[in-house]
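Colleague: Residues in the sequence shown are numbered consecutively from 423, following the numbering used here.
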Amino acid sequence: MGSRIRTAQKQARELGRLRTGYSVPNQDPKKRPRPVKSKTWVVSSHAEHYVKAAAAAMGGNVERWQPQGNGAPQFRVITEAEQIEAVLPPGDPLSQANEMWNKGGCVRRCDGETEQISRHPCLCLAEHGPEWHQLRQDLYTKDKVCAATSRLNVILPDMPDMGVWRVETHSWYAANELAGTVDMVLSGTGGKGLVPVTLRIEPRTRVAGGQTKHFPVVVVEIRGVTPRQALSGPLSSAFALDPTAGGHAVAAIEAPKGRDWIADARGSLTSDDVRDLWMEAQRAGAVHPKGTDQLSKDLMAIAAEKDAENATPAISEGPDEEGVYVAEVVDDGEHEPVWPVAAQPGSK
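#1: Mind reading off the beta-carbon distance from residue 512 to residue 613? Whole number of angstroms is fine, and I expect it under 8 Å.
#2: Have a look at residue 444 and residue 616 and give me their C-alpha separation to the nearest angstrom.
#3: Leaving out the 5 sequence neighbours to the left and right, which residues in its chain are closer than 7 Å to residue 692 when beta-carbon positions are compared?
#4: Please work out which residues of its chain come closer than 6 Å, Cβ to Cβ, to residue 573, disregarding the five sequence neighbours upstream and downstream, and give them in chain order.
#5: Between the segment 448-461 and the segment 469-477, are three or more C-beta pairs nearer than 8 Å?
#6: Can you give me the start and stop residues for the alpha helix (DSSP H) that residue 473 sits inside?
#7: Since residue 429 contacts residue 507 with CB under 8 Å, what's their CB separation in whole angstroms?
#8: For residue 457, I'd like the list of residues in its chain whose CB is within less than 8 Å of its CB, leaving aside the five on either flank, ordered along the chain.
#9: In the structure shown, what three-state DSSP assignment does residue 649 receive?
#10: Under 8 Å, Cβ to Cβ, is there at least one residue of chain D near residue 649?
#11: Quick check: the Cα distance between residue 770 and residue 505, rounded to an integer number of angstroms?
#12: Where residue 480 and residue 497 are concerned, what is the direct C-alpha to C-alpha distance, given to the nearest angstrom?
#13: Would you check if the segment 516-533 and the segment 630-639 touch, i.e. whether three or more CB-CB distances between them fall below 8 Å?
#14: Please say whether residue 437 and residue 583 have beta carbons closer to each other than 8 Å?
#15: Just curious, the beta strand (DSSP E) that residue 483 is in, first and last residue?
#16: Does the distance from the C-beta atom of residue 600 to that of residue 640 stay below 8 Å?
#17: Measure the alpha-carbon distance for residue 486 versus residue 453 and round it to whole angstroms.
#18: Here's a check: name, in chain order, each residue in its chain whose Cβ is nearer than 7 Å to the Cβ of residue 557, leaving out the five neighbours to either side.
#19: Flag residue 426 as yes when its Cβ comes closer than 7 Å to any non-hydrogen atom of the ligand GDP, and as no otherwise.
#20: CB residue 441 to CB residue 466, shorter than 8 Å?
#21: Quick one: using the 10 Å Cβ neighbour count with 16 as the cut-off for buried, is residue 749 buried or exposed?
#22: Let me know if residue 575 comes out buried or exposed under the rule of 16 or more other beta-carbons within 10 Å of its beta-carbon.
#23: Take the Cβ of residue 494 as the centre, count every other Cβ of all protein chains shown within 10 Å, and call the residue buried at 16 or more, exposed below.
#24: Indicate whether residue 502 and residue 527 have their beta-carbon atoms separated by less than 8 Å.
#25: Would you identify the three-state DSSP class for residue 567, choosing helix, strand or coil?
#26: Leaving out the 5 sequence neighbours to the left and right, which residues in its chain are closer than 7 Å to residue 720 when beta-carbon positions are compared?
#27: Is residue 428 helix, strand or coil when you go by DSSP?
#28: Restricting to Cα atoms, I'd like to know which of 710, 594, 450 is closest to residue 661.
#29: Output the distance between the C-alpha atoms of residue 426 and residue 514, rounded to the nearest integer angstrom.
#30: Report back the beta-carbon spacing between residue 654 and residue 610 to the nearest angstrom; my notes put them in contact at under 8 Å.
#31: If you count every other CB in all the chains shown that lies within 10 Å of the CB of residue 701, and 16 or more means buried, which is it?
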């Protein structure tokens, strides 16, 4: 690999946006377009062929689209998909801040304690109290406070080109849940490797002040893996890109470098030793808990070889050439290696 500028921030190119709403023209031409919450994902990009690929995969019609403000014209499709299969890239894919924007750009960006532009304590908290975020629900006061802005970068593995798509939401509830999910995943992977996820638009209902309000929330859930697998360390790229190959949760997890499980198994004395080795490999994340991966099957075969090697010899009726009678060995069956059902010969 060639050299890199060590002080430069490395980041993938943004290919487009995944949105949970769109705008329609207002009946009053003097007023700005009216926002509409979408039950399905909206995909937008400067590149038309990206949006066409999204429409082919998720339904909908491609249209030219002019973002509000002075942004360059783009393309978008209001898809028919309520959920999208994606992959979290390495590193920390989530960025969050309480932000307020106007025609001149971002006028407030706060981490919840300090407003970063003015370097003053949180202005919304000082002006409106600890429940300031609820003012965003009122059309007359929403422009008076910041929006809890979350930006999540994801990879869409079946879309054209190499890069990330940005999911942006201004939901207070999504901000808390996204941070919790991503931080738990990062605690297990250390930001190394890919993590398969599903992006969903989940309808929510909130009752407060005698009023019932319905709103969508962006939900990120791990896909095709258990929490144990997601928290046990980085997954292999092949597994993260296709965790349910063939309709079964077959984990093509690479064995950690520096440990040759097959060599250790062949050096074992009994099938019990191989069984213990498999349990160790499972704790290390090198095999699938159901034993459907190739390494589990190879270890099962070696265990069978160990059983054959250690089979009880046939009892002879007389002594051997040295005058010694071979004693009968009775196996109590308590040491039979326990393997996942999916890894046993003849299982489906």
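All C-beta atoms in this analysis are idealised placements derived from N, C-alpha and C, irrespective of residue type, glycine included.
Modeller: So, from the listed chains and residues:
#1: Residue numbering aside, residue 512 sits at position 90 when the sequence shown is read from its first letter. Residue numbering aside, residue 613 sits at position 191 when the sequence shown is read from its first letter. Confirmed, about 6 Å.
#2: The residue you call residue 444 lines up with position 22 of the sequence shown. The residue you call residue 616 lines up with position 194 of the sequence shown. Approximately 30 Å between the Cα atoms of the pair.
#3: Stepping through the sequence shown from its first residue, residue 692 is reached at position 270. Once the five neighbours on either side are set aside, the close Cβ partners of residue 692 are 728, 732.
#4: Stepping through the sequence shown from its first residue, residue 573 is reached at position 151. Excluding positions up to five away in sequence, the list reads 517, 588, 590.
#5: Remark: fewer than three beta-carbon pairs, one from each stretch, lie closer than 8 Å, so the segment 448-461 and the segment 469-477 are not flagged as touching.
#6: Counting from 1 along the sequence shown, the entry for residue 473 is found at position 51. That run of the alpha helix (DSSP H) goes 470-480.
#7: In the sequence shown, the residue the question calls residue 429 occupies position 7. In the sequence shown, the residue the question calls residue 507 occupies position 85. Not quite, the Cβ-Cβ distance comes to about 36 Å (not below 8 Å), so this is no contact.
#8: Reading the sequence shown from its first residue, position 35 is the one you call residue 457. Annotation for residue 457: 443, 444, 445 place their beta carbon closer than 8 Å to its own, counting only its chain and skipping 5 residues before and after.
#9: Locating residue 649 in the sequence shown gives position 227, counting from the first residue. Per DSSP, reduced to three states, the secondary structure at residue 649 is helical.
#10: Protein chains in the displayed structure number just one, and chain D is not present.
#11: Numbered from its first residue, the sequence shown carries residue 770 at position 348. Numbered from its first residue, the sequence shown carries residue 505 at position 83. Only weak support is given to the placement of residue 770: the predicted model assigns it a pLDDT of 46, under 50, and the value that follows is read from those uncertain coordinates. Rounded to the nearest whole angstrom, the CA to CA distance from residue 770 to residue 505 is 31 Å.
#12: Taking the first residue of the sequence shown as position 1, residue 480 is located at position 58. Taking the first residue of the sequence shown as position 1, residue 497 is located at position 75. When rounded, the distance between both Cα atoms is 15 Å.
#13: No: fewer than three Cβ pairs fall under 8 Å.
#14: Taking the first residue of the sequence shown as position 1, residue 583 is located at position 161. Taking the first residue of the sequence shown as position 1, residue 437 is located at position 15. Yes, Cβ-Cβ distance for residue 583 and residue 437 is below 8 Å.
#15: The residue given as residue 483 occupies position 61 in the sequence shown. Looking at the DSSP string, residue 483 is not in any beta strand (DSSP E), and its letter there is neither H nor E.
#16: Counted from its first residue, the sequence shown places residue 600 at position 178. Counted from its first residue, the sequence shown places residue 640 at position 218. Contact flag set, yes.
#17: Translated into positions along the sequence shown, residue 486 becomes position 64. Translated into positions along the sequence shown, residue 453 becomes position 31. Roughly 21 Å separates the two Cα atoms.
#18: Numbered from 1 along the sequence shown, position 135 holds the residue referred to as residue 557. Excluding five sequence positions before and after residue 557, the CB atoms of its chain that fall closer than 7 Å to its own CB belong to 550, 563, 564, 566, 567, given in chain order.
#19: The model depicted lacks the ligand GDP and carries no ligand whatsoever.
#20: Position 19 of the sequence shown, counted from the first residue, corresponds to residue 441. Position 44 of the sequence shown, counted from the first residue, corresponds to residue 466. In this structure, residue 466 lies closer than 8 Å to residue 441 by Cβ.
#21: Residue numbering aside, residue 749 sits at position 327 when the sequence shown is read from its first letter. With a pLDDT of only 48 at residue 749, under the threshold of 50, the placement of this residue in the model should not be trusted; the figure read from the coordinates follows. Classification for residue 749: exposed.
#22: Counted from its first residue, the sequence shown places residue 575 at position 153. Classified as buried, residue 575 has 16 or more neighbouring CB atoms from the shown chains inside 10 Å of its CB.
#23: Residue numbering aside, residue 494 sits at position 72 when the sequence shown is read from its first letter. Looking at its Cβ environment, which holds fewer than 16 other Cβ atoms inside 10 Å, residue 494 is exposed.
#24: In the sequence shown, the residue the question calls residue 502 occupies position 80. In the sequence shown, the residue the question calls residue 527 occupies position 105. Not in contact: residue 502 and residue 527 (Cβ atoms no closer than 8 Å).
#25: Counting from one through the sequence shown, the residue named residue 567 turns up at place 145. In this structure, residue 567 counts as coil in the three-state DSSP scheme.
#26: Position 298 of the sequence shown, counted from the start, is the residue given in the question as residue 720. So the qualifying residues of the chain are 684.
#27: Looking up residue 428 in the sequence shown gives position 6. Coil.
#28: To locate residue 661, count along the sequence shown from 1; it is residue 239. Of the candidates 710, 594, 450, the residue whose Cα lies closest to the Cα of residue 661 is 710.
#29: Taking the sequence shown and counting its residues from 1, the one referred to as residue 426 is at position 4. Taking the sequence shown and counting its residues from 1, the one referred to as residue 514 is at position 92. Their Cα atoms are separated by approximately 20 Å.
#30: Numbered from its first residue, the sequence shown carries residue 654 at position 232. Numbered from its first residue, the sequence shown carries residue 610 at position 188. For residue 654 against residue 610, the beta-carbon gap comes to about 6 Å, under 8 Å, which counts as contact.
#31: Along the sequence shown, read from residue 1 onward, the residue named residue 701 stands at position 279. Exposed, because fewer than 16 other Cβ atoms sit within 10 Å of the Cβ of residue 701.
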